[in-house]
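The sequence shown begins at 99 in the working numbering and counts up one residue at a time.
A quick write-up on the structure given underneath.
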Amino acid sequence: MSEIVDGVLDGRLAIAALALVVGGFMRGFVGFGSAVLTVPIFALLYDPAWAVGVTSVASVWSTLQLLPTAIRSSERAVVVPIGIGVFIAAPFGVWLLVSIEPELMRVVISTLVVLMVVMLARSEEHTSELQSPDHLVC
99 MSEIVDGVLD GRLAIAALAL VVGGFMRGFV GFGSAVLTVP IFALLYDPAW AVGVTSVASV
159 WSTLQLLPTA IRSSERAVVV PIGIGVFIAA PFGVWLLVSI EPELMRVVIS TLVVLMVVML
219 ARSEEHTSEL QSPDHLVC
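What follows is the structure, given as structure tokens:
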């Protein structure tokens, strides 16, 4: 209990709340990505396992709200294999999360987030190049 009180007094809770609000806006505008912002910040402020758990619980309600539309409009040939992979790999990921030292896990999470952002940025560059009218041949 004293850790919670200490977290409020030293400002960690305010920073975590701000990250959660900004992550929520990000999820609202883009439709995903709140965890990309909140997990690294929470992992720096608290324990990485706590960061992943709280972010997962915080996103349950928005995920449940979007689920009916997502099920109707999804391509099952793509979604089902990914879902099976997630159900198989998730226990292994949880085991890694609780087994690896928190300091190392902070570095791993931050590195993965940076790599994913770079991959998304590169993907966007290639997509915009393909859609650019400069590449049209008349």
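Here a beta-carbon is modelled for each residue, glycine too, at the ideal position from N, C-alpha and C.
- When secondary structure is reduced to three states using DSSP, S172 falls in the coil class, being assigned neither helix nor strand.
- Taking 3 residues as the minimum length, the stretch 128-215 contains no beta strand (DSSP E) run wholly inside it.
- In the three-state reduction of the DSSP assignment, G121 falls in the helix class.
- In the structure shown, G126 falls within a helical segment according to DSSP collapsed to helix, strand and coil.
- A straight line joining the alpha-carbon of V152 with that of A175 spans about 31 Å.
- Counting every other CB atom within 10 Å of its CB across the protein chains shown gives S154 a total below 16, marking it as exposed.
- Distances from the CA of I113 to each of V128, G126, P138 were compared; the closest alpha carbon is that of P138.
- In this structure, the beta-carbon distance from M214 to V134 falls below 8 Å.
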